[in-house]
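Numbering (the numbering used here), first residue to last: 31 to 426.
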């Protein structure tokens, strides 16, 4: 099972960090491998996921969406938006915060783009009585002001990052600097399947509860596996969470949808796997957006959670070996899907999730009648309503 002993998924992944962090990563890997086999840890995490976070989430048959797309498909939405805090992020933060307590760490740091991981981290820290600091790009603190307020209500200190593009990439840089300085008493909760080993493996494992549930649910509902599983990809945690339990099922097509932003022909997108090249960033070898001399380029998406110039190394591996396909839809297509799902199902999706719905809308005509399609609805759109309203009003 990947990753290998060096934390590699094929040529991707690994551990490219300053020497000061190597002991902390080794300590984390040892603790994670020990506690994930510990029945008491597994039982406690399952209890919090069920009684506190709200698992299992429904696998909802989206009949009106199906009708709007031609009526020939069986479309199911995995409703991670119904979890406590409104997104799949809580699966992972509860796991990592419980691990931090087991390791005797009292201080939690995190970074966030859309704010959903920050809110989930602040929630888990409050629940378990841990100090919490969240780094966030200054631009994102404006776009997601309500989530900043939610984190502060939960007792976290939110630190705006004004360097670089003032988005998620720069927030991660600041979180890593903090961790290097306070590594003895601090646990860094990474919110996606990115970063140095063991984070991509650990976050994947915590998020794979999504796919395990979906697999059981679709077998019960349809008596067979789906033909297609679609999820949005920024760093890629929700996609890896639903993909992983289906990876060995070769008949199930896996599609990750990146943000084409204002178009792949421009510099304003974040389609890393679609238009990027391999390189090293934030402690991992993976696909990146970079210029001709290897400098990291800025990323753009109307969905702040997809606004990242890298991607999880396991996604890079799945692309290279052909097990998953990665595509991109632009801001306008995502906005159309945001409205489509709202009007057909009464579900306002996160802009990130709207990218997955948008791709399904693009290809629906080409899918055979009776195809069973799973779309991972990674989060709810409350956080995006004000930004979408402003965006649409500016373009009238």
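Heads up, the beta-carbon is just placed ideally off N, CA and C, and yes, glycines get one too.
* If we count Cβ pairs, one from each stretch, closer than 8 Å, do we get three or more for the region 270-277 versus the region 225-243? -> With a cut-off of 8 Å on Cβ pairs, the region 270-277 is in contact with the region 225-243, counting three or more such pairs.
* **residue 338 to residue 367 span [Cα, whole Å]** => Taking the straight line joining both Cα atoms gives about 21 Å.
* To do: Ignore the nearest five residues each way along the sequence and tell me which others in residue 379's own chain have a CB closer than 8 Å to its CB.
  => Its chain contains 111, 367, 368, 371, 372, 387, 407, 409, 410, 411 as the residues whose beta carbon lies nearer than 8 Å to that of residue 379, once the 5 sequence neighbours on both sides are disregarded; these appear in chain order.
* To do: Ignore the nearest five residues each way along the sequence and tell me which others in residue 252's own chain have a CB closer than 6 Å to its CB.
  => In its chain, beyond the 5 residues on either side, 402 have a beta carbon closer than 6 Å to the beta carbon of residue 252.
* Asked: Between residue 314 and residue 334, is the Cβ-Cβ spacing less than 8 Å?
  -> No. Outside cutoff.
* Asked: DSSP beta-bridge partners for residue 107?
  -> Note: residue 107 sits in a beta bridge opposite 90, 405.
* With DSSP collapsed to three states, give me the class of residue 310. => Of the three classes helix, strand and coil, the one that applies to residue 310 here is strand, per DSSP.
* **Simplified DSSP state of residue 214, which is helix, strand or coil** => In the structure shown, residue 214 sits in coil (DSSP, three-state: anything other than H, G, I, E or B).
* Take residue 265 and list the residues in its own chain whose beta-carbon comes closer than 8 Å to its own, dropping the five residues that flank it on each side. => Residues 221, 222, 223, 224, 338, 340, 341, 342 of the same chain have their beta carbon placed closer than 8 Å to that of residue 265, with the five preceding and five following residues left out of the count.
* The alpha helix (DSSP H) spanning residue 27 covers which residue range? -> The question about residue 27 has no answer here: the residues shown for the chain are numbered 31 through 426.
* Mind checking residue 52: buried by the 16 CB within 10 Å criterion, or exposed? -> Exposed, because fewer than 16 other Cβ atoms sit within 10 Å of the Cβ of residue 52.
* Euclidean distance between Cα positions of residue 325 and residue 37 -> Residue 325 and residue 37: Cα-Cα distance of roughly 24 Å.
* Once you ignore the five residues that flank residue 55 on each side, which residues in its own chain have a CB closer than 8 Å to its CB? -> 45, 47, 226, 227, 228, listed in sequence order.
* On the premise that residue 99 lies in contact with residue 394, defined as a C-beta separation below 8 Å, what is that separation, rounded to the nearest angstrom? -> Contact holds; Cβ gap of about 4 Å.
* Asked: What are the start and end residues of each continuous alpha helix (DSSP H) run of 4 or more residues lying completely inside the region 328-384, in chain order?
  -> Listed in chain order, the complete alpha helix (DSSP H) runs (minimum 4 residues) inside the region 328-384 are 343-351, 361-375.
* Asked: Taking all protein chains shown into account, do 16 or more other C-beta atoms lie within 10 angstroms of the C-beta of residue 351, making it buried, or fewer, making it exposed?
  -> Within a 10 Å sphere around the beta-carbon of residue 351 sit fewer than 16 other beta-carbons, which makes this residue exposed.
* To do: Go through its chain and collect everything with a Cβ distance to residue 21's Cβ below 6 Å, but skip five positions before and after it.
  => Given that the chain is displayed from residue 31 to residue 426, the structure contains no residue 21 and the question cannot be resolved.
* Exposure of residue 77, with buried meaning 16 or more beta-carbon neighbours within 10 Å -> So residue 77 counts as exposed.
* Asked: What are the partner residues of residue 280, as DSSP defines its beta bridges?
  -> Answer is none; residue 280 lacks a bridge partner.
* Asked: Which residues mark the beginning and the end of the alpha helix (DSSP H) in which residue 130 is found?
  -> Segment 119-132, the alpha helix (DSSP H) holding residue 130.
* **Element boundaries [beta strand (DSSP E), containing residue 137]** => Boundaries of the beta strand (DSSP E) harbouring residue 137: 137-142, taken from the DSSP string.
* May I ask you to verify whether the region 137-148 touches the region 202-222, counting CB pairs closer than 8 Å and requiring at least 3? => Counting Cβ pairs under 8 Å, three or more are found: they touch.
* Determine the direct distance from the alpha carbon of residue 399 to that of residue 152, and round the result to whole angstroms. => Near 45 Å, if we compare the C-alpha coordinates of residue 399 and residue 152.
* With 16 as the cutoff for other CB atoms within 10 Å, does residue 104 come out buried or exposed? -> Burial check for residue 104: the Cβ neighbour count within 10 Å reaches 16 or more, so the residue is buried.
* To do: Assuming residue 132 and residue 61 form a contact by the criterion Cβ under 8 Å, report the distance between their Cβ atoms to the nearest whole angstrom.
  => Yes, they are in contact, since the Cβ atoms of residue 132 and residue 61 sit about 7 Å apart, within 8 Å.
* To do: Would you mind working out which of 416, 420, 390, 425 sits nearest residue 92, comparing C-alpha positions?
  => Taking only the C-alpha atoms, the option nearest residue 92 is 390.
* Can you grab the Cα-Cα spacing for the pair residue 295 / residue 405, in whole Å? => Straight-line Cα distance between these residues: approximately 27 Å.
* Output yes or no for whether 8 Å exceeds the beta carbon distance between residue 146 and residue 168. => Contact check for residue 146 against residue 168 fails: the beta carbons are separated by 8 Å or more.
* To do: Mind listing, in chain order, the continuous beta strand (DSSP E) runs of no fewer than 3 residues lying wholly within the region 185-213?
  => Taken in chain order, the complete beta strand (DSSP E) segments of 3 residues or longer contained in the region 185-213 are 187-191.
* Tell me whether residue 101 is buried or exposed, calling it buried when 16 or more other Cβ atoms sit within 10 Å of its Cβ. => Per the 10 Å Cβ criterion, exposed.
* Given residue 235 as reference, the closest of 377, 311, 348, 125 once Cα atoms are compared -> Per the C-alpha coordinates, the member of 377, 311, 348, 125 positioned closest to residue 235 is 125.
* Nearest-angstrom Cα separation, counted from residue 287 out to residue 154 -> Roughly 29 Å separates the two Cα atoms.
* Asked: Just how far apart, CA to CA, sit residue 283 and residue 130?
  -> A direct Cα-Cα distance of roughly 36 Å separates residue 283 from residue 130.
* Asked: CA-CA distance, residue 192 and residue 258?
  -> Going by the C-alpha atoms only, they are around 41 Å apart.
* **Nearest neighbour of residue 172, chosen from 199, 144, 162, 158 [CA to CA]** => Nearest C-alpha to residue 172: 144.
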